[in-house]
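Input: a single structure, listed below in structure tokens.
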Amino acid sequence: NAGVTQTPKFQVLKTGQSMTLQCAQDMNHNSMYWYRQDPGMGLRLIYYSASEGTTDKGEVPNGYNVSRLNKREFSLRLESAAPSQTSVYFCASRLSSGAHTDTQYFGPGTRLTVL
Amino acid sequence: AQSVTQLGSHVSVSEGALVLLRCNYSSSVPPYLFWYVQYPNQGLQLLLKYTTGATLVKGINGFEAEFKKSETSFHLTKPSAHMSDAAEYFCAVSDRAGNTGKLIFGQGTTLQVKP
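Protein chains in written order, with my numbering: chain V, 9 to 123; chain E, 34 to 148.
Spelled out as structure tokens, the structure:
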């Protein structure tokens, strides 16, 4: 049981390049989330998927797209990377049994630098 | 709208001393509150959560937090700090609109433990 896995762990891009961050969970969770972490700002929600087949914008969606490929996988795409997207990206998942109290489980993160 | 404020971006204590990390929230509905810990170069791990019932919540690694509605606070404490407690700590509130499970995080507090 690996929990939430993310690939790659590190990535360096040039401005304008594109890339996809991958996330997978093996806990049969319904909801998945993408956050970015920046110094002094905590974690901010980029996009989330409350259930398979649905995606919604979070607090900071500009410059990103997502795909909920199936119940296990939720990818985050940067179409044209900008230096402002330099950050650490975390994926999380949650059972979503109907209770707001369900815990979110986090992956190890992807550290992205855009030059 | 809900929000979380963590007072103090850096807290330094001596090994064996009391740890107190402060968190205040704003919510128009009864909040569900969480504390997460992030060790260097790792993802976030749940320390404890408050949903309903007992206002003193015990978590892992000897941490506990008390929900005080009158003070809109959810401070995290540990009686005796250990070197292994050095990490970044995040307070979060669950966005209770719908069943999205979205978390709103504070800015984070870095705990330094001195020998």
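Positions of the beta carbon are idealized from the N, C-alpha and C atoms, including for glycine.
Helix, strand or coil at residue i according to DSSP, with G and I counted as helix
i: N94 (chain E); result: helix
i: M49 (chain V); result: coil
i: Q93 (chain V); result: helix
i: M35 (chain V); result: coil
i: D118 (chain E); result: helix
i: T121 (chain V); result: strand
i: L40 (chain E); result: strand
i: Q35 (chain E); result: coil
i: L86 (chain V); result: strand
i: K147 (chain E); result: strand
i: K135 (chain E); result: coil
i: V62 (chain E); result: coil
i: N71 (chain E); result: Rather than Asn, the amino acid found at residue 71 (chain E) in this sequence is Gln. Reduced to three states, the DSSP call for Q71 (chain E) is strand.
i: V68 (chain V); result: coil
i: K111 (chain E); result: strand
Outcome for residue i when other beta-carbon atoms lying within 10 angstroms are tallied against a minimum of 16
i: Y72 (chain E); result: exposed
i: S117 (chain E); result: exposed
i: A87 (chain E); result: exposed
i: K22 (chain V); result: exposed
i: T121 (chain V); result: exposed
i: A10 (chain V); result: exposed
i: K82 (chain E); result: buried
i: E121 (chain E); result: buried
i: F18 (chain V); result: exposed
i: L109 (chain E); result: buried
i: R85 (chain V); result: exposed
i: S127 (chain E); result: buried
i: N78 (chain V); result: exposed
Supposed contact pair residue j and residue i - C-beta distance, whole angstroms, cut 8 Å
i: T142 (chain E); j: L54 (chain E); result: 5 Å
i: A119 (chain E); j: Q78 (chain E); result: Actually they are not in contact, since the Cβ atoms of A119 (chain E) and Q78 (chain E) sit about 14 Å apart, beyond 8 Å.
i: L29 (chain V); j: S83 (chain V); result: 7 Å
i: Y97 (chain V); j: M35 (chain V); result: With a Cβ gap of about 20 Å, Y97 (chain V) and M35 (chain V) do not count as contacting.
i: Y58 (chain E); j: F107 (chain E); result: 6 Å
i: T133 (chain E); j: A58 (chain V); result: 5 Å
i: A89 (chain V); j: S26 (chain V); result: 7 Å
Under 7 Å by beta carbon: chain A residues contacting residue i
i: S60 (chain E); result: Structure shown: chain A not included; protein chains present are V and E.
Are the segment 46 to 65 of chain E and the segment 106 to 114 of chain E touching by the rule of at least three beta carbon pairs closer than 8 Å? yes
With three or more C-beta pairs closer than 8 Å as the rule, is the segment 49 to 63 of chain V touching the segment 138 to 145 of chain E? yes
Check whether the segment 34 to 46 of chain E and the segment 80 to 97 of chain E touch, using three or more Cβ-Cβ pairs below 8 Å as the test. no
May I ask you to verify whether the segment 53 to 63 of chain E touches the segment 108 to 119 of chain V, counting CB pairs closer than 8 Å and requiring at least 3? no
Per the contact definition of three or more C-beta pairs closer than 8 Å, is the segment 11 to 25 of chain V in contact with the segment 70 to 78 of chain V? no
Interface residues of the segment 118 to 135 of chain E facing chain V [CB-CB below 7 Å]: F123, S127, R129, N132, T133, G134 and K135
Members of the segment 69 to 86 of chain E near chain V, C-beta cut-off 7 Å: Q75, G76, L77, L79, K82 and T84
For the segment 42 to 53 of chain V, list every residue whose C-beta sits within 7 Å of some C-beta in chain E, in sequence order. G48, M49, G50, L51 and L53
In the segment 110 to 122 of chain V, which residues sit with their C-beta less than 7 Å from some C-beta in chain E, listed in chain order? D110, T111, Q112, F114, G115, P116 and G117
Which residues, in order along the segment 92 to 106 of chain V, keep a beta-carbon less than 7 Å from a beta-carbon of chain E? F98, R102, S104 and G106
When you check each C-beta in the segment 9 to 39 of chain V against every C-beta of chain E, which residues fall closer than 7 Å? S39
Along the segment 58 to 84 of chain V, where does the CB come closer than 8 Å to a CB of chain E? Name the residues. A58, D64 and G66
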